[in-house]
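Using our numbering, the first residue of the sequence shown is number 21, and each one after it goes up by one.
Just so you know, even glycine gets a beta-carbon here, dropped at the ideal spot from N, CA and C.
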Amino acid sequence: MKKGLAIFSVILLICMLSACGTSQTSGSGGEKKVLQMATSADYKPFEYKDTAKGSDIMGFDVDLIHALADKLGYKIEIKDMDFNSLVPALQAKQADIVLAGMTPTEDRKKNVDFTDIYYTAKHMIVSKKGSGIKTVDDLKGKTLGVQLGSIQEGKAKELQKKTAFKIENRNRIPDLVQEMNAGRFDAAIIEDTVAKGYFEADKNLEGFVIQDSEEAGSAIALQKDSPYTKEFNKALKELKDSGELEKLIVKWFGGSQK
Ligand code: ARG
Numbered sequence: 021m022k023k024g025l026a027i028f029s030v031i032l033l034i035c036m037l038s039a040c041g042t043s044q045t046s047g048s049g050g051e052k053k054v055l056q057m058a059t060s061a062d063y064k065p066f067e068y069k070d071t072a073k074g075s076d077i078m079g080f081d082v083d084l085i086h087a088l089a090d091k092l093g094y095k096i097e098i099k100d101m102d103f104n105s106l107v108p109a110l111q112a113k114q115a116d117i118v119l120a121g122m123t124p125t126e127d128r129k130k131n132v133d134f135t136d137i138y139y140t141a142k143h144m145i146v147s148k149k150g151s152g153i154k155t156v157d158d159l160k161g162k163t164l165g166v167q168l169g170s171i172q173e174g175k176a177k178e179l180q181k182k183t184a185f186k187i188e189n190r191n192r193i194p195d196l197v198q199e200m201n202a203g204r205f206d207a208a209i210i211e212d213t214v215a216k217g218y219f220e221a222d223k224n225l226e227g228f229v230i231q232d233s234e235e236a237g238s239a240i241a242l243q244k245d246s247p248y249t250k251e252f253n254k255a256l257k258e259l260k261d262s263g264e265l266e267k268l269i270v271k272w273f274g275g276s277q278k
C-alpha cells in the first residue's frame, strides 16, 4: 500500500514539473499568451500583403514583432485596418499593440503609449516625372495627396501656410499613387523609406526630401499605461545591442541607418 502511494507521489511530482503544470511565461495549457497587433498593411516594406504569395501580412514590422515576441514569450495575431483607425483600436482595447511605422507624436501620446524609436524616415514629395515639382513652392495651385491621420497630413497642412495648394486625403498609400497616376493628384507626401519602393516599381515617379523636416521615427504604440511597454522597450534594446535589429533593417530597407 505504502509503495503504491510512493509511486503515485513520484508520478504526481513528475507531472507537476512537466507538461501538466503551468509555467511562468505561458498561459493555460502551456499555450503562449496571445497579443493582438493592429497595423495598416499598405506600407511596404514596413507592412504589406503580397497578393502573389497569399494574403499574409509581411514586412519589417512583422519580422520585428515576431523577434520581440519570441524573446518575451508571446504569440502575435495581426489584424489589418486603416491607419486612421489604429490609435482608436488601442483606445477601445481592440488591440494590445500597434506596429505600423507609426511616429510617436505629442498628440498621439495623449491617447496611447510608445516604446523607443526603432527606425527613422524623412518626408518626401513624390510626383510623376515631368510634373516639374522640384520644390515645395512648385506645389502652388496643385493638389497634394496625404494619408488620412498620418503625420504627413500634418506636415502638408503646415506647408500649406506658406504655399497655396490643395490637400486631398485617402486611407491607403497605394491609393495616393493611383490618384497621381490617374492625374487627379499632382503629388503625394510619403516617407522616403516607403517612396523608395514605389520608385523601384514605377519608373515614372520621382521625388525629393523636404529640407530640414524633422524626422519621422517609428515606434511601437500600446494602450495607455499598458503593462507591456516596459518589457517591449527592454527587448527592443536587446535587439539593438545584439545587431539583430540592424540585420532586419538591412533585409527590408537594403541599407543601414548607422
Ligand atoms: N510615420 C507616419 C505616421 O506615423 C506614417 C505611418 C503610416 N503607416 C502606415 N502603415 N500606413 O503618421
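The C-alpha of residue 190 is placed about 34 angstroms away from the C-alpha of residue 250.
For the options 129, 217 and 175, the alpha carbon positioned closest to that of residue 245 is the one of 129. Within 10 angstroms of the beta-carbon of residue 67 lie 16 or more other beta-carbons, which makes it buried.
For residue 217, the enclosing alpha helix (DSSP H) begins and ends at 212-221. Residue environment: residue 62 is assigned as buried (16 or more neighbouring CB atoms within 10 Å of its CB, all protein chains considered).
In the displayed model, residue 114 falls within coil according to three-state DSSP, outside both helix and strand. Within the DSSP secondary-structure output, residue 68 pairs in a beta bridge with 62 and 78.
Taking C-alpha positions only, residue 238 is separated from residue 210 by approximately 14 angstroms. Contact check between the segment 91-104 and the segment 158-173: three or more CB pairs, one atom from each, fall below 8 angstroms, which counts as touching.
Shown here, residue 190 sits in a strand according to DSSP, grouped into three states. Three or more Cβ pairs closer than 8 angstroms define a contact, and the segment 178-187 falls short of that threshold against the segment 108-120. Our two residues, residue 132 and residue 108, have alpha carbons roughly 9 angstroms apart in a direct line. Taking all protein chains shown into account, residue 197 has 16 or more neighbouring C-beta atoms within 10 Å of its C-beta and is therefore buried. Between the C-alpha atoms of residue 228 and residue 218 there is a straight-line separation of about 13 angstroms.
Proximity of the segment 73-89 to the segment 255-263 meets the contact definition, three or more beta-carbon pairs being nearer than 8 angstroms. The beta-bridge partner set that DSSP reports for residue 57 consists of 98 and 117. By the neighbour-count criterion, in which 16 or more other beta carbons inside 10 Å mark a residue as buried, residue 236 falls on the buried side. Residue pairing from DSSP leaves residue 257 without any beta-bridge partner.
Sixteen is the threshold: when 16 or more other Cβ atoms of the shown chains lie within 10 Å of the Cβ of residue 60, as they do, the residue is buried. When C-alpha distances from residue 51 are compared across 58, 95, 65 and 71, the shortest belongs to 95.
Secondary structure at residue 50: helix, using DSSP grouped into helix, strand and coil.
Closer than 7 angstroms to some heavy atom of the ligand ARG: that does not describe the Cβ of residue 139. For residue 247, the number of other beta carbons within 10 angstroms of its own is below 16, and it is reported as exposed. Boundaries of the alpha helix (DSSP H) harbouring residue 273: 264-273, taken from the DSSP string. In this structure, 208 is the residue among 188, 208 and 134 with its C-alpha nearest to the C-alpha of residue 154.
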